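K.L.:
Each protein sequence line maps, in turn, to chains U and S. Just so you know, the first sequence maps onto residues 137 to 458 in the working numbering. Just so you know, the second sequence maps onto residues 30 to 323 in the working numbering.
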Amino acid sequence: MKEFLHAAARCRWALPALVVLGFAFCLACEFFPIFNDYSKVVLITIGINIILCASLNLVNGYMGEFSVGHAGFMSLGAYASAVMAVNWLPSTPMELPLAVVFGGTVAAVIGLPLALISFNTRGDYLAIITLAFLMIVKSAFENIAYVGGPRGMTPPVLTNMPWTFFWVVLTLWVIRNLVYSRFGRAIIAIREDEIAANAMGVRTREAKILAFVVSSFFGGVAGALYAQLNFFIDPRSFDIVKSTEILVMVYLGGIASLFGSVLGAVIFTVLMQVLQPIGTWRMVILPLILVLLMLFRPRGIMGLRELTWFLPRRELKKEPGQ
Amino acid sequence: MASYLAQQTINALQLGSIYALIALGYSMVYGVLVMINFAHGDLFMLGAFACLLLATLLPVHLPLVVILLVVMIVIGAVGALIERIAYRPLRNAPRVSAIITALGCGLVIENTTLSISPYPHFMPELFHSTTIAWAGLTITTLQILIIGVSLALMIGLDLLVTRTPFGMAMRAISFDSRTVPLMGIPVNTLISRTFFLGAGLGGAAGVLYSLAYPQVSAGMGVLIGWKAFIAAVIGGIGSIRGAVLGGFILGAVEVMAVAFLPSTYRDLISYSLLLVILIFKPYGLLGQPPNQKV
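1. Just to make sure I have the definition right: I need the residues of chain S whose C-beta is within less than 7 angstroms of the C-beta of N459 of chain U. Which are they?
2. What number of angstroms, rounded off, separates the C-alpha of F78 of chain S from the C-alpha of A257 of chain S?
3. What's the C-alpha gap between L143 of chain S and T340 of chain U?
4. Checking contacts by CB at 8 angstroms: is G436 of chain U closer than that to chain S?
5. Specify, as a first and last residue, the run of the beta strand (DSSP E) that I168 of chain S falls within.
6. Over what stretch of residues does the alpha helix (DSSP H) that includes A228 of chain S continue unbroken?
7. Taking S144 of chain S as the query, report the chain U residues whose CB atoms sit under 8 angstroms from its CB, ordered along the chain.
8. Can you pull the chain U neighbours of S301 of chain S, defined as C-beta to C-beta under 7 angstroms?
9. Do we get a CB-CB distance below 8 angstroms when we pair L315 of chain S with the residues of chain A?
10. Taking the alpha helix (DSSP H) that A363 of chain U belongs to, which residues open and close that run?
11. Which same chain residues, not among the five before or five after A234 of chain S, have their C-beta less than 7 angstroms away from its C-beta?
12. Looking at C-alpha atoms only, which residue of U:I265, U:N223, U:A335 and U:I369 is the closest neighbour of V290 of chain U?
13. The alpha helix (DSSP H) spanning I265 of chain U covers which residue range?
14. May I ask which residues mark the beginning and end of the alpha helix (DSSP H) holding T159 of chain S?
15. Give the DSSP bridge partners of H150 of chain S, in chain order.
16. Can you list, in chain order, the residues of the segment 199-213 of chain U whose Cβ is nearer than 9 angstroms to any Cβ on chain S?
17. For N15 of chain S, go through chain U and note every residue whose CB falls closer than 8 angstroms to its CB, in chain order.
18. According to DSSP, simplified to helix, strand and coil, what is M230 of chain U?
19. Which whole runs of the alpha helix (DSSP H) in the segment 36-103 of chain S are 4 residues long or more, in chain order?
20. Buried or exposed for S217 of chain U, please, with buried defined as at least 16 other CB atoms from any protein chain shown within 10 angstroms of its CB.
21. Roughly how many angstroms lie between the CA atoms of M199 of chain S and L62 of chain S, to the nearest whole one?
22. Less than 7 angstroms separating the Cβ of L93 of chain S from some heavy atom of the ligand GDP?
23. Of all the residues that make up the segment 285-296 of chain S, which are near chain U by a beta-carbon distance shorter than 9 angstroms?
24. Taking the CB atoms as reference points, tell me whether A261 of chain S and Y116 of chain S lie closer together than 8 angstroms.
25. Sorted by chain position, which residues of the same chain lie with C-beta nearer than 8 angstroms to S203 of chain U's C-beta, five sequence neighbours on each side aside?
26. Grab me the residues of N334 of chain U's own chain with a C-beta within less than 7 angstroms of its C-beta, minus the 5 sequence neighbours each way, in chain order.
27. On a CA-only basis, which of S:A272, S:V89 and S:G227 is nearest Y312 of chain S? Give me that one, please.
28. By DSSP, does I266 of chain S sit in helix, in strand, or in coil?
29. Please report the distance separating the alpha-carbon of G70 of chain S from that of A144 of chain U.
30. Rounded to the nearest angstrom, what separates L460 of chain U and I324 of chain U at their Cα positions?
31. Determine the closest residue to F156 of chain S out of S:H150, S:L166 and S:L171, with distance taken between C-alpha atoms.
32. In whole angstroms, what is the alpha-carbon distance linking L314 of chain S and S179 of chain S?
33. Cβ of M230 of chain U less than 8 angstroms from any chain S Cβ?
34. Just how far apart, CA to CA, sit M57 of chain S and A131 of chain S?
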């Protein structure tokens, strides 16, 4: 079985075939009653969480920085897409994809100056600046009457399984290709030793900013999908608790691992659904898991390792240990 | 107008002294461990709850001084305990692990409190406050008490840090954490004591805050604690005098913002202030950039 999986992972057509099959399955779910509405929402939530987790992993895992502002980008994406879907192009066929792309773009455009500011300093200061950013976004939306202020907005319910699947695959594909490029080696070098990387001629500042902007784009995409899923968004949906949830997923699944991100998102989302009856005690158990993880397995389940399926083909051709 | 401003200045001093007390805890821990203790705001909240329990559950009425001291000792012990259990095993781990653990500890404390007591409580009146009118200003004895106790604690801490061997060791460890253990200074004891002191000040701030704004809820650690953290960063995290300065600046900015703008803009303004200060002074007003060694 193991040999078969390894051989399959090395086959040129296995991964595209799997993706096409998955997409066809999601499409089928739209037309045939395979899942009930509740299961569909849970599955879409898993997808959104995978996007969030993988994109935050780019900054927090691969690059080894500590950003707590991912919910802020989610919020920007959610509000931008909601404004577009409600006010600018209601009920057109391309409403969802355009709104999602717009949400991601707004988040990335705001992410750029934030990256420019935060990478002037080092280490813990990124955590501080992203925290301030998160709070500023929240109170800014609370004060803008155009987007409903503290009452929030009610965007249409548009997110479905095929589109979520499409964005999950796109996110994982883009991040995988980035991480295994020259740029990816630069951000891993930043994590290991930034001063040494600089001395070797790696343009660390550019790599950090690019990683941050890409990460914020997909954060915005996830926010946009979330907004068109839940029928209701308000500034408090995207507070520090949301950011912490994403952090739990990243460090649970494992830093610097895309399969880890998928695993973290799946385990977290299912656990949150299963633990629904215990109410607020959920948010005691989850941080406790996080603390125990940090004490006993600081890199998470898949930390710094990757499933063969998530590696680009040219990485497979290399000898082990290379 | 001038008397309105002067009146707001008194309110700003009251809020600022509470922020400063909490900010000291963040800054002291950062000074010795180079770590952001995100659980500190929740220790402040526990301080307010401890005060509430002492004031309502005991059959006798304790004097305020006794309550303040007991809360400081209990919360100090909780802070030292968290350090012992959760942070000490991670002292040589990557810095990010320690930050995440602190964030997790804070959430555990906050949400446990929230699950046990979901609704806000009202603090009974522990100090009978009278109003003094002087030159067109009104100041309550409670405000004088809060500002006075905070200032006394801050001056006490400053003397402790600048005049005692313990303070010297603390300053030494933030100057060079590798050489200090080689000089025979017991680092673990030192760090435990620092946590005890920082958390104790946070607990005292919890008592004072619940006297001034008599409502105690699980969310106040996030509301006030994170603000105090901003104060510590504005002043330059790791610097004790910076924390006090930052606390008073933030208190002044918030009170003035509410005095002249709708109150919903308060958070927006205080966090934007943080961002602006970090753009121009990346290490805060009184902070030192860390030594970079290759």
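For each residue, glycine too, the CB sits at the ideal point set by N, CA and C. Computed from a prediction, not measured in an experiment: that's the story for all the values here.
P.N.:
So, from the listed chains and residues:
1. Since the first and last residues shown for chain U are 137 and 458, residue 459 of chain U lies out of range.
2. 18 angstroms
3. When only Cα atoms are considered, L143 of chain S and T340 of chain U end up about 43 angstroms apart.
4. no
5. L166 to T169
6. V216 to A241
7. G415, T416, W417 and V420
8. I272
9. Looking for chain A here will not work: the only protein chains present are U and S.
10. T340 to N366
11. I47, L50, I51, F73 and G76
12. First, the residue type needs correcting, since residue 290 of chain U is Thr and not Val in the sequence shown. Its Cα nearest to that of T290 of chain U, the residue U:I369 stands out among U:I265, U:N223, U:A335 and U:I369.
13. Residues D260 to N279.
14. Careful: T159 of chain S lies outside any alpha helix (DSSP H) and carries neither H nor E.
15. S:V245
16. G200, E201, F202 and V204
17. Outside the shown range of chain S, which is 30 to 323, sits residue 15 of chain S, and nothing can be said about it.
18. coil
19. 69-85
20. buried
21. 10 angstroms
22. Absent from the structure shown: the ligand GDP. Ligands present: none.
23. Answer in chain order: P291, T293, Y294, R295 and D296.
24. no
25. These residues qualify, in order along the chain: L192, V195, N196, L262, A263, T266, F348 and S351.
26. T340
27. S:A272
28. Note: I266 of chain S maps to coil in three-state DSSP.
29. 52 angstroms
30. Residue 460 of chain U lies beyond the range of chain U shown here (137 to 458); nothing can be said about it.
31. S:L171
32. 21 angstroms
33. It does not; no Cβ of chain S falls within 8 angstroms.
34. Each residue's alpha carbon lies about 15 angstroms from the other.
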